[in-house]
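Protein chains in written order, with our numbering: chain A, 124 to 1103; chain B, 772 to 947.
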Amino acid sequence: MEARFLLGFLLLLSLSSFAFAIYEDQVGLADWHKRYIGKVKHAVFHTQKTGRRRVVVSTEENAIASLDLRTGDILWRHVLGKNDAVDQIGLSLGKYVLTLSSQGSVLRAWNLPDGQMVWETDLQISNPSNSFLHVLGNVKSGRDSLSLVCNGGSIRAVSSIDGLVVWKKDLSIDGLKLKHVFQPPESDTIYAIGFIDSSLIALYHINAKTGELLKHATQASSVDLSSEISAISSDSLVALDTSRSNLLLIKFMAGTITNHKLPLSDIVQDFSGLAELIPTKSNDIFVVKTPSNVAFIKVKGDNEIELIGKADEAGIVSDSLTLSEEEQAFAVVHHSNNAISLQVRINGREALTEGIKIEDHRGHVKRVFLNNYVRTDKSHGFRALIVMEDESLLLMQQGEVVWSREDGLASISDAVVAELPVEKEGGVSVVEVEHTLLEWLKGHMLKLKGTLMLSTPDDMAAIQAMHLKSTERNKMTRDHNGFRKLIIVLTRSGKVYALHTGDGRIVWAHLLTPLLQSESCPSPSVLTLRNWRVPHRKALQENPSILLVGRCGAGPESHGFLFIVDSYSGKVLETQILDHSIAEVVPLPLADSSEQKLHLVIDDKLNAHLYPRGSDALEVFVREMANMYYYKVENAKEVIKGYAFKKGCSTGSSAYCFGTRELWSVVFPSDSERIVATARRKINEVVHTQAKIMTNQDVMYKYITKNILFVATVSPKAAGGIGSAAPDDAWLVAYLIDTVTGRILHRVTHQGAQGPVHAVVSENWVVYHYFNLRAHRYEMTVIEIYDQSRADNKDVMKLVLGKHNLTAPITSYSRPEIATKSQSYFFTHSVKAIAVTTTARGITSKQILIGTIGDQVLALDKRYLDPRRTANPSQEEKEEGIIPLTDTLPIIPQSYVTHTRQVGDLRGIMSFPANLESTTHVFSYGIDLFYTRIAPSRTYDSLTDEFSYVLLLITVVVLIVAILVTWAMSQKKDLQEKWR
Amino acid sequence: MEKGKAMARRWAVDFSDSSSSSHPTVADPPGFARSAPDLDETSGSRQKKDAEAAWKAQKAWEVAQAPFKNLLMMGFMMWMAGNTVHLFSMGITFSALWQPISALRSVGKVFEPYKDPKVDLNAPRLLFIALNLGGLLLGMWKLNTLGLLPTHASDWVFSLPPAKEVEFAGGGSPFY
Chain A
124 MEARFLLGFL LLLSLSSFAF AIYEDQVGLA DWHKRYIGKV KHAVFHTQKT
174 GRRRVVVSTE ENAIASLDLR TGDILWRHVL GKNDAVDQIG LSLGKYVLTL
224 SSQGSVLRAW NLPDGQMVWE TDLQISNPSN SFLHVLGNVK SGRDSLSLVC
274 NGGSIRAVSS IDGLVVWKKD LSIDGLKLKH VFQPPESDTI YAIGFIDSSL
324 IALYHINAKT GELLKHATQA SSVDLSSEIS AISSDSLVAL DTSRSNLLLI
374 KFMAGTITNH KLPLSDIVQD FSGLAELIPT KSNDIFVVKT PSNVAFIKVK
424 GDNEIELIGK ADEAGIVSDS LTLSEEEQAF AVVHHSNNAI SLQVRINGRE
474 ALTEGIKIED HRGHVKRVFL NNYVRTDKSH GFRALIVMED ESLLLMQQGE
524 VVWSREDGLA SISDAVVAEL PVEKEGGVSV VEVEHTLLEW LKGHMLKLKG
574 TLMLSTPDDM AAIQAMHLKS TERNKMTRDH NGFRKLIIVL TRSGKVYALH
624 TGDGRIVWAH LLTPLLQSES CPSPSVLTLR NWRVPHRKAL QENPSILLVG
674 RCGAGPESHG FLFIVDSYSG KVLETQILDH SIAEVVPLPL ADSSEQKLHL
724 VIDDKLNAHL YPRGSDALEV FVREMANMYY YKVENAKEVI KGYAFKKGCS
774 TGSSAYCFGT RELWSVVFPS DSERIVATAR RKINEVVHTQ AKIMTNQDVM
824 YKYITKNILF VATVSPKAAG GIGSAAPDDA WLVAYLIDTV TGRILHRVTH
874 QGAQGPVHAV VSENWVVYHY FNLRAHRYEM TVIEIYDQSR ADNKDVMKLV
924 LGKHNLTAPI TSYSRPEIAT KSQSYFFTHS VKAIAVTTTA RGITSKQILI
974 GTIGDQVLAL DKRYLDPRRT ANPSQEEKEE GIIPLTDTLP IIPQSYVTHT
1024 RQVGDLRGIM SFPANLESTT HVFSYGIDLF YTRIAPSRTY DSLTDEFSYV
1074 LLLITVVVLI VAILVTWAMS QKKDLQEKWR
Chain B
772 MEKGKAMARR WAVDFSDSSS SSHPTVADPP GFARSAPDLD ETSGSRQKKD
822 AEAAWKAQKA WEVAQAPFKN LLMMGFMMWM AGNTVHLFSM GITFSALWQP
872 ISALRSVGKV FEPYKDPKVD LNAPRLLFIA LNLGGLLLGM WKLNTLGLLP
922 THASDWVFSL PPAKEVEFAG GGSPFY
């Protein structure tokens, strides 16, 4: 009996084990991972005859990647930190990629084939500014080659082999800005040209091996110089003056400088406005972009200049490409409607023109990088890498798009979830059913073999393949479990993508802002997206749709616009340019008769505009208006203000426009507190119960309200990075504020703590993460909030008879008596994002999803963040699942949701419920995307994919046979008994 | 109980059968004297009936007391099972509840074989019922100690949905 007791206990223990993990062969069953690089800003081709052809790119997301030129796949990729923007990349010695980053202060070398970092040098630049990198071709000190980094008035020569600074020359002249460094072939002298205070031109001769200053000369310029230059040959360069209408041709032969002013209007006939020099390194040719066109200009002789080519103004010009000593090529790309024309000009003459049709959702061409290859007949072929407006990357070659990458997905700014269409009834043929049945049986036989360890490696491969290509998960229809959904994401470029949760493929993608571009809306940009219509019982026939909100200009007073987009197809249903600005979009928990959600758009004059515009929407809102409030967090002013709505607005007489009336404000003392983080509950979060049952059968009532705002403030001294303040000067104050009344429900001060603060609010609790300066560790604190005013509801008889006030509607104006329970723990990691799992009914226990510094997502059971934890829990508490208190939250390697994957530069985690209560979707995004489904309390309401149906079937059959046999035997025995 | 009942009935049936179902037309086998039992039918049968009644009463009391042993056994099992909710303790508790209930349901049948006009079955029946009720109470007590009886406020509010809120406030940091 004791043994059974023990067995029972063990069973219980095994059921409540905390770790959540998957087996290796389950990777990719429910999850997918997509890698991107972001918007490309530099590209260097590496196309030697042997080996893989590749292009090394650096992006706005601070990533460096090597792409396969044939397929566009990422060969390797590194994501530098947020503050480590790449300034320039270059190739050195044919095997290293050099990157200059952090405003020219860090130089790194990466091994070209595999992306390993070879060396890193901190150049210790005192005033990081426009630095540039120049890789010297032919300075060979031994087998080494030098790279020059110029910054202001100093030059550093760095060895390409080991990254050591070989020499350093500080020209120590105030206002000197070096512009160009070059080295004539077969020479040991480097020429450095710079401008001093935009009026003097300075030339320096420097020994390339030692850095010794050999000679220098300065000359006053005839015009004020701007910063744009273009080097046109080994001894001359072109600069623009500050008025951007005159060119200055500078020649520096034999230690003397001559400059010659050339008005642009002399060269380009119909010139007006501001010109722009396109940086090139080319043979006596430079490119000037004027508002009306792009001009290719050749320098002839001493001061002669000739216009050799023109292209119209919309053209995007690539960097120059050196084909041979005499030949320089440029690419000019034009974009019209849904076609790109690529024009390659060699020495200004048109050499090749190709037109390509591309999808119209990519927008305009933003950048182009040109590369050439030698055809079998020794002529030049060209390929161009094109960056589009939606940040996608295309490779064009021989008039077609070889590959394209949707790198816009690396900069997701917002995401919502939409349902897929309902499956049509009927239409499945018998043959299909038989076929799938056969497949199904075959599959399960294979699985059974796998579980019985009878399978061959071939079978194993077949099982794996079957798992991955399971058609069920990729269907374009809604499923019973709610596993298939659309994740609709908005990217920085304003493009909207719909991703399928099955495999992450793009169902539709649209760049909507070009549709709007007009005089009334000069530079549209999308701010956010929301669910507009979520079909429910009443309007199941309607397609779900989403709302995109944006503004037409940069300032907060520019007019806004709305798009309503069908979630199934991405079709634009409605476009509206608003006559007011957009400061905030407030989704209300109300819907009109066709299930369109009511939204209030708050403008910069604090008027609220109701959308959708319809009489029933207006009616619904006006009925509820007295109970609707708006609050505004003003980070800069350290103020939170609350408003009520009133009829009639200040700017117009529209019935849909409402005024606001300030009700309350919470002003934080700006000399001691600064808002660093706010968090609130998700508006659509479902809570199952309001009661929390303690171990001793006692009940605590949760204080559940959607109108609670968590605000964290830190002392101004500690507002900087960690280490900027002493523990005595740093404190963090956490507030819980009721956003209806402005009442501060709870306030707690953490002495010696500072940000960054990440917080998540759910049900009746807040979890936040910050740095503890005294302990030198990160800390996490949980605050649970309970309602004391309902605590008296403990009479069983009254509860049985229903005589209690627990279901009565609650209002924030009745004075809440709240009690909080709180506990803090150390946490090893710093945190990039924090979220909480949400399930359909809120029954399943919660997990906190933490984006760690390693770009992974960690699922931490809420039970670890339970204020009731004690060091020595009693037997009952243990049985209830209370974990003994430890000072540190454990990080269990199996509980990484992202298993071995990394979501580069993780920025957000999103959890949304499936129809199955046990399961929730987790979507995390950064440069990469990662999606998976997790079950915080295991899949208690469904059989897993791993469940062997065949084994069950066999068991059932065996049991039936056994029953039949024993029945027959007993019959026989009975008969014999009777005959006896 | 079951066995006792069956034996009693067979005995009784045999007895009446042999007296009623013998055919007068069929000759008795040689050496069989029918007159012999008929002789002391009046005095002998009464004596026998008295003995039977006494036996029945005794048996009925025995049957009535049987649940007591059960009770003791259950008590011991419950003590062994402990106060935590798991498979074993649940099984014990539910069997402790089920046994008295099923016994109480068949209380008529249990005492049927001992039905006799001369035997007063009410007292054993009451004892039987009382003992089984005791068993039921023991089971209930166990159920309560396991925390499975809805006697606390928590058992009535555990799935109470949160109350509706009257107000709604939306907002946040404006776009810049």
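Where is the CB? At the ideal position from N, CA and C, for every residue including glycine.
| query | result |
| --- | --- |
| Can you tell me whether DSSP reads Met903/A as helix, strand or coil? | strand |
| Quick check: is any heavy atom of the ligand COA less than 8 Å from the C-beta of Asp861/A? | This structure lacks the ligand COA; in fact it carries no ligand of any kind. |
| Does DSSP put Arg468/A in a helix, a strand or coil? | strand |
| Distance, Cα to Cα, Thr1043/A vs Thr812/A? | 19 Å |
| What residues from chain D crowd round Ala931/A, counting only those whose CB sits closer than 9 Å? | Among the chains of the structure shown, chain D does not appear; the protein chains present are A and B. |
| Any beta carbon from chain B within less than 9 Å of Tyr734/A's own beta carbon? | no |
| Hey, is the segment 1078-1094 of chain A in contact with the segment 612-629 of chain A, meaning 3+ C-beta pairs nearer than 8 Å? | no |
| So, with DSSP's three-state summary, where would you put Ala898/A? | coil |
| Under the rule that 16 or more other beta-carbon atoms within 10 Å means buried, what is Lys764/A, buried or exposed? | buried |
| Take Val467/A and list the residues in its own chain whose beta-carbon comes closer than 6 Å to its own, dropping the five residues that flank it on each side. | Ala452, Ala454, Ala474, Leu475, Phe505 |
| Using a Cβ-Cβ cut-off of 8 Å (strictly less than) and excluding sequence neighbours within five positions of Leu569/A, which residues of its own chain qualify? | Ser578, Asp582, Ala585, Ile586, Met589 |
| Tell me which same chain residues have a C-beta within less than 7 Å of the C-beta of His503/A, skipping the five on either side of it? | Leu446, Asn495, Val497 |
| If you draw a straight line from the C-alpha of Gly89/A to the C-alpha of Thr774/A, how long is it? | As shown, chain A starts at 124 and ends at 1103. That puts residue 89/A outside it, with no answer to give. |
| What separation, rounded to the nearest whole angstrom, lies between the Cα atoms of Arg485/A and Ile669/A? | 20 Å |
| Whose Cβ in chain B lies nearer than 9 Å to the Cβ of Val288/A? | Those within 9 Å of Val288/A in chain B number zero; the least Cβ separation is about 42 Å. |
| Taking a cut of 8 Å between CB atoms, which residues from the segment 698-713 of chain A lie near chain B? | Ile705, Ala706, Glu707, Val709, Pro710, Leu711, Pro712 |
| Grab the span of the alpha helix (DSSP H) containing Arg876/B for me, first residue to last. | 858-876 |
| Taking three-plus beta-carbon pairs below 8 Å as touching, is the segment 917-929 of chain B in contact with the segment 839-858 of chain A? | no |
| Return the residue from the list Ile1050/A, Leu1012/A, Leu216/A that minimises the CA-CA distance to Lys205/A. | Ile1050/A |
| Per DSSP, Cys644/A forms a beta bridge with which residues? | Answer by DSSP bridge pairing: none, since Cys644/A is not bridged. |
| Please identify, using Cβ separations under 8 Å, the residues of the segment 646-680 of chain A that lie next to chain B, in order along the chain. | Leu650, Thr651, Arg674, Pro679 |
| Measuring CB to CB, does Ala835/A end up less than 9 Å from Ala853/A? | no |
| Between which two residues does the alpha helix (DSSP H) harbouring Asn903/B extend? | 893-916 |
| Quick check for students: name the residue ranges of the alpha helix (DSSP H) that lie wholly in the segment 1034-1062 of chain A, counting only runs of 4 or more. | none |
| Just the C-alpha distance for Thr934/A and Leu1075/A, rounded to the nearest angstrom, thanks. | 54 Å |
| Using CA atoms only, rank isn't needed, just tell me which of Val1079/A, Gln1099/A, Leu1098/A, Ala1037/A is closest to Ala153/A. | Ala1037/A |
| Contact criterion: CB-CB distance below 9 Å. Does Ser935/A meet it with respect to chain B? | yes |
| When you compare the segment 896-910 of chain B with the segment 862-871 of chain B, are there three or more beta-carbon pairs, one atom per stretch, that lie closer than 8 Å? | yes |
| Check whether the Cβ atoms of Arg1024/A and Ile1005/A lie closer than 9 Å to each other. | no |
| Would you list, in sequence order, the uninterrupted alpha helix (DSSP H) runs of no fewer than 4 residues that lie entirely inside the segment 481-560 of chain A? | none |
| Are Arg964/A and Val809/A close, meaning C-beta to C-beta below 9 Å? | yes |
| Counting contacts by CB-CB distance shorter than 9 Å, is Glu747/A in contact with chain B? | yes |
| How big is the Cα-Cα spacing for Ile90/A and Leu622/A? | Here chain A has residues from 124 to 1103 only, and residue 90/A is not among them. |
| Are the C-beta atoms of Gly802/B and some chain A residue less than 9 Å apart? | no |
| Using the three-state DSSP reduction, which class does Val966/A fall into: helix, strand or coil? | It is Ile, not Val, that sits at residue 966/A in the sequence shown. Ile966/A falls in the coil class under three-state DSSP. |
| Between which two residues does the beta strand (DSSP E) carrying Asp389/A extend? | From DSSP, Asp389/A is part of no beta strand (DSSP E) but of the alpha helix (DSSP H) over 387-390. |
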